[in-house]
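These protein sequence lines are chains D and X, in that order.
Under the numbering used here, the residue at position 21 of the first sequence is numbered 21, and the numbers go up by one with no gaps.
For the numbering used here, count along the second sequence from 1 and bump the result up by 110.
Backbone N, C-alpha and C fix where the C-beta goes; we use that ideal spot for every residue, glycine too.
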Amino acid sequence: EDKVVQSPLSLVVHEGDTVTLNCSYEVTNFRSLLWYKQEKKAPTFLFMLTSSGIEKKSGRLSSILDKKELFSILNITATQTGDSAIYLCAVFQGAQKLVFGQGTRLTINP
Amino acid sequence: KAGVTQTPRYLIKTRGQQVTLSCSPISGHRSVSWYQQTPGQGLQFLFEYFSETQRNKGNFPGRFSGRQFSNSRSEMNVSTLELGDSALYLCASSSVQGENTEAFFGQGTRLTVV
């Protein structure tokens, strides 16, 4: 059965801390792995990863994929209260279907 | 470039009724997929359309159906609504270019069945 597993499910840190969110997957016909941030409604696209070992960066956020070990991590440095959200990892299966993990609820306390 | 547009944003229906949700993808995107999000089950795939053809369907009962028009706009229909159909319904728009497969979501339709 195709599955995407995220850990931890919940994380509470102080402003300024660095966090690492994990995503492992077992999905047939892998096409790409995507990270999203969801605050109130729509998931907002963060990164798309297709190749192993190539880090994607956007400001304080970065992500990397390991296709041999079937996992990805999302790093957030110098966290701010505005980073509080649910972070979703999803794998595109055959360009037709996204298989989502349960999400990590990140809370940043001031 | 406009994003993914879903209408309506909120709906309240009673059990047994039917509902139609609409999704307009990003201009140029031909793939539209639908997802149901609930607190207990997370985001679950409903179906995907490309060039007016359903290419993939998730594990949902036949009460859930959809279609796509020639301009790539898509509609999703749920008949004989049940309380358990209350959820956030999200539409995603994709443009597949080689290995690059990204998906962008609309704001969603919050359906409440009473």
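query: With 8 Å set as the bound, which would you pick, yes or no: does the beta-carbon of D/Gln-102 sit closer than that to a beta-carbon of chain X?
result: yes
- request: Round the Cβ separation of D/Ile-76 and D/Glu-15 to the nearest angstrom and send it over; I've been treating them as touching at under 8 Å.
  value: Actually they do not touch by this definition, with Cβ atoms about 11 Å apart.
- request: Using a Cβ-Cβ cut-off of less than 7 Å, give me the residues of the stretch 27–48 of chain D that come near chain X, in sequence order.
  value: Arg-31, Ser-32, Leu-34, Lys-41, Ala-42, Pro-43, Phe-45, Met-48
- prompt: Is X/Gly-135 buried or exposed, if buried means 16 or more other CB atoms sit within 10 Å of its CB?
  reply: It should be noted that the sequence gives Pro, not Gly, for residue 135 of chain X. Label assigned to X/Pro-135: buried.
task: Under 8 Å between beta-carbons, which chain D residues line up against X/Ser-143? List them in chain order, please.
output: Gln-96, Lys-97, Leu-98
task: For X/Gly-152, name the three-state secondary structure that DSSP assigns.
output: Strand at X/Gly-152.
field: Per DSSP, cross-strand counterpart(s) of X/Ile-122
entry: Partner(s): X/Thr-222.
task: Starting from D/Val-5, follow the beta strand (DSSP E) in both directions and report where the run begins and ends.
output: 3–7
query: How long is the line joining the alpha carbons of X/Gly-176 and X/Met-186, rounded to whole angstroms?
result: 4 Å
- request: Quick one: grab the DSSP three-state call for D/Asp-17.
  value: D/Asp-17: coil per DSSP, three-state reduction.
- prompt: Cα separation between X/Ser-182 and X/Arg-119?
  reply: Rounded to the nearest whole angstrom, the C-alpha separation of X/Ser-182 and X/Arg-119 is 20 Å.
message: Considering only heavy atoms of the ligand MG, does any lie closer than 7 Å to the CB of X/Thr-211?
response: With respect to the ligand MG, the structure offers nothing, as it holds no ligand at all.
- request: Count the other C-beta atoms from every protein chain shown that fall within 10 angstroms of the C-beta of X/Ser-204, then say buried if there are 16 or more, exposed otherwise.
  value: buried
task: Could you confirm whether any beta carbon from chain D is found closer than 8 Å to the beta carbon of X/Gly-218?
output: yes
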